[in-house]
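Q: Let me give you the structure first, and then I'll get to my questions.
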Amino acid sequence: MHGTITVGRVDMATAVVCAAVLCEGMQYLKYVVCSLIVVTTLIVLLFMMTILQEHKTRLSMVGIDWTIYRSALGGNGAARPAGDEEQVRQRLKPNVQMLLLSSSSPGNSCVCERRNALQLHTDYPPAELEAIRLRRQLQFQEFMQRRDSQQSQVLVAEPNLPLAYPTRGVEVRPQQSTLIPGLGLYTASRDTYEVTLWAQLGVFDTVSEVEGVEVQGLQTQRLSLSSRHLPSLNVQLRAVTYTNTAYLPGTSEMVLMKSGSHKAEIPIRVAHPEIPRLYDSGADGDIGNLVTVVTKTFLRYDKLRGLIRSIRQFYPTVTVIVADDSDHPEMLQESRVEQYIMPFGKGWFAGRNLAISQVTTKYLLWVDDDFLFTESTSLERMVEVLDKTLFDVVGGKVANNAFQHKLKVVAGSPEEGDCLFRLSGSYQQLDGFPSCAIVDVVVNFFMARTTSVRAVGFDPQFNRVGHTEFFIDGLGKLRVATCSDVSIGHAAKLPGTQKQYNKFRQAPDAHSRTVRALFFKNHLKCYQM
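Quick note: the sequence shown, position 28, residue 28 per the UniProt record's numbering, numbers continuous.
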């Protein structure tokens, strides 16, 4: 209501100005009459527009497009109101509606609007594009089939007050048994109380027998329990076990519980326990037993030797692993330096994979071969962040360049793919570390858990240029942070080998390789930076 009054005042002022302009030059009496006519006409028009807008709003209250809500919930759990609820008036909030639409689920279309956005399909010849899309679609369908659909499904609890049951946290090992905790029935008095359970990947049993409870279907996928005494039935329900009989890795069981017209679904995760992979860092606290520095070099041995000297100045016991795909390798005769020779020009990400495959410490520190350690290059600080949080990667600054970004995926159609946006900035401060922030992408100077980086890996397709592509592959898997109080230096670019280095790095097909990998491998429609 306040918004209408404010708009009205602004429009009244506009009407007066319009009247003054239109009636200018007339005699006083005619001027007054003309002004009144103009102002009155404008006010009537404004009033009619307001009434029309309110009418449209009222119509929208009744005829709400509920597909918006179904879309926002992935098509699950958002049913259209029934009965009297259909007549309840609501006023849609456009700003929140736009948030839902911008967070749309697969099935809709998305666009990258900026001029510099990469429309990924344009890198392919038109004659080949349709066949490539078809191959990509088949691969995408395989990818979706490998996901645990039960885990990603939205569950909505229907009105079922009498039933008590677990909604999460129940796990069972393959072909082993577990109690189903929290089962119960709480309802009004009746002659007989009955509860039935159904399973698909296992069978039910009871760990005890309760007097006065009739049990049917032991060691089957359908278990029925009934009793004339409700407390006895609840004691029996607490003794129900589930045994997995059909194990398919990466799937979950969904047990159905029913009593009368009330029913509920109980998710049970069927999985092996994750076997720990621990690293012994020794009893002396030497950071060399905790962190390994890894880098990839190509031709720039002057820069590489400068990096190694700077590391030795501050961390003499830390091992340095170098992956080298130069044409004529120069052997590094350095203590605690491991040099691995690759085929000539094998590539940037292939070298990263080789280097991290040789790490035997809990953490690795990735640096470029032209970086320089300084007094602000505190490995201890980065270790502290990783030790005290659940994060996998923590970055720093390179010569005062933080390079911190967020990645936003807007769902598109299964045929076209999603839209990816790289946005500057961070999500929020990392709790307990005021100088650190949560991000998705950091600069080429970061410390990471060795097992986490290996789990994502570096795609060898990016053989000349690549960095953000690693974080794209790790999106949803890696927890990433960046800290402004840790930095590393950057050596000046010198002539000589730099020219030859740039010739290989800026190869004509480098951009095309990146675009095609994003299109096919990551199932993207466009990429906006």
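Where a beta carbon is used, it is the ideal one built from N, C-alpha and C, also for glycine.
In the stretch 165 to 201, which residue ranges form an unbroken beta strand (DSSP E) of at least 3 residues, counting only runs that do not cross its ends?
A: 170 to 172, 177 to 179, 193 to 198
Q: Helix, strand or coil: which one does DSSP assign to Gln119?
A: strand
Q: Can you tell me where the beta strand (DSSP E) with Pro231 in it begins and where it stops?
A: Per DSSP, Pro231 belongs to no beta strand (DSSP E); it is in the alpha helix (DSSP H), 230 to 237.
Q: Spell out the partners DSSP gives Phe446 in its beta bridges.
A: Trp366, Gly395
Q: Please report the straight-line C-alpha distance between Gly467 and Asp392, rounded to a whole angstrom.
A: Strictly speaking, residue 467 in this sequence is His, with Gly absent from that position. Rounded to whole angstroms, His467 to Asp392 spans 17 Å at the Cα level.
Q: In three-state terms, what does DSSP make of Arg381?
A: helix
Q: Would you mind reading off the limits of the beta strand (DSSP E) that contains Thr468?
A: In the DSSP annotation of this structure, Thr468 is not part of any beta strand (DSSP E); the continuous alpha helix (DSSP H) holding it starts and ends at 468 to 473.
Q: For Val88, collect the residues of the same chain with a Cβ closer than 6 Å to its Cβ; drop the 5 residues on either side in sequence, then sort them by chain order.
A: none
Q: Is Ala517 helix, strand or coil by DSSP?
A: Three-state DSSP puts Ala517 in a helix.
Q: Look up His272 in the DSSP assignment and say whether it is helix, strand or coil.
A: DSSP places His272 in coil when its eight states are reduced to three.
Q: Could you check what DSSP says for Lys303 in three-state terms: helix, strand or coil?
A: DSSP places Lys303 in helix when its eight states are reduced to three.
Q: Could you say if the stretch 348 to 361 and the stretch 259 to 278 meet the contact criterion of at least three C-beta pairs nearer than 8 Å?
A: no
Q: Tell me whether the stretch 188 to 195 and the stretch 284 to 291 touch, counting them as touching only if at least three CB pairs, one residue from each stretch, are closer than 8 Å.
A: no
Q: Measure the alpha-carbon distance for Phe421 versus Arg168 and round it to whole angstroms.
A: 33 Å
Q: Secondary structure at Met98, three-state DSSP: helix, strand or coil?
A: Three-state DSSP puts Met98 in a helix.
Q: Let's test the definition: count the other Cβ atoms within 10 Å of the Cβ of Thr317 and tell me whether it reaches 16, buried, or not, exposed.
A: exposed
Q: Of the residues Asp284, Leu230, Arg352, which one's Cα is nearest the Cα of Gln461?
A: Taking Gln461 as reference, the option from Asp284, Leu230, Arg352 with the minimal CA-CA separation is Arg352.
Q: Which residues does DSSP pair with Phe371 in a beta bridge?
A: His490
Q: By alpha-carbon positions, which one of Ala491, Met254, Arg91 ends up nearest to Arg305?
A: The candidate whose alpha carbon is nearest that of Arg305 is Ala491.
Q: Considering only residues of the same chain and omitting the five flanking positions on each side of Gly179, which have a CB-CB separation below 6 Å?
A: Here residue 179 turns out to be Leu, not Gly, going by the sequence shown. The answer, listed in chain order, is Thr241.
Q: So, under 8 Å CB-CB, Val255 and Leu197 are touching, yes? Tell me the CB distance rounded to an integer number of Å.
A: 6 Å
Q: What does a CB cutoff of less than 6 Å around Glu338 pick up in its chain, not counting 5 residues either side in sequence?
A: Ile321
Q: So, with DSSP's three-state summary, where would you put Gln125?
A: The sequence shown places Pro at residue 125, rather than the Gln named in the question. Three-state DSSP puts Pro125 in coil, outside helix and strand.
Q: Which term fits Asn76, buried or exposed, when burial requires 16 or more other beta carbons within 10 angstroms of its beta carbon?
A: For Asn76, the predicted structure reports a pLDDT of 45, less than 50, and the residue's modelled location is therefore unreliable. The matter cannot be settled from this model.
Q: I'd like to check one pair, Pro414 with Phe143: are the Cβ atoms closer than 8 Å?
A: Cβ distance not < 8 Å, so Phe143 and Pro414 don't count as in contact.
Q: For Phe458, which residues in the same chain have their Cβ closer than 7 Å to its Cβ, ignoring the five residues on either side in sequence?
A: Phe349, Arg352, Asn353, Phe470
Q: With Phe349 as the anchor, note down where its alpha helix (DSSP H) starts and where it stops.
A: 348 to 357
Q: Going straight from the alpha carbon of Glu334 to that of Lys521, what length do you get?
A: Across the structure, Glu334 and Lys521 are spaced so that their CA atoms are roughly 40 Å apart.
Q: Please name the residue in Pro267, Thr451, Glu380, Val367 whose C-alpha comes closest to that of Leu307.
A: Val367
Q: Specify, as a first and last residue, the run of the beta strand (DSSP E) that Leu407 falls within.
A: Segment 405 to 410, the beta strand (DSSP E) holding Leu407.
Q: Report the three-state DSSP secondary structure of Asn244 (helix, strand or coil).
A: strand
Q: With a threshold of 8 Å on Cβ separation, who are the neighbours of Ala517 within its own chain once the five nearest residues in sequence on each side are excluded?
A: Cβ neighbours of Ala517 within its own chain (closer than 8 Å, five residues either side excluded): Asp459, Gln461, Phe462, Glu469.
Q: Looking only at its chain, what residues have a beta carbon closer than 7 Å to the beta carbon of Leu386, apart from the 5 residues adjacent to it on each side?
A: Tyr363, Val394, Met447, Arg449
Q: Helix, strand or coil for Asn401 per DSSP?
A: strand
Q: Flag this pair as yes or no: are the beta carbons of Asn234 and Leu201 separated by less than 8 Å?
A: no
Q: Quick check on Phe519: buried or exposed, where buried means 16 or more other Cβ atoms within 10 Å of its Cβ?
A: Counting Cβ neighbours within 10 Å, Phe519 comes out buried, since at least 16 surround it.
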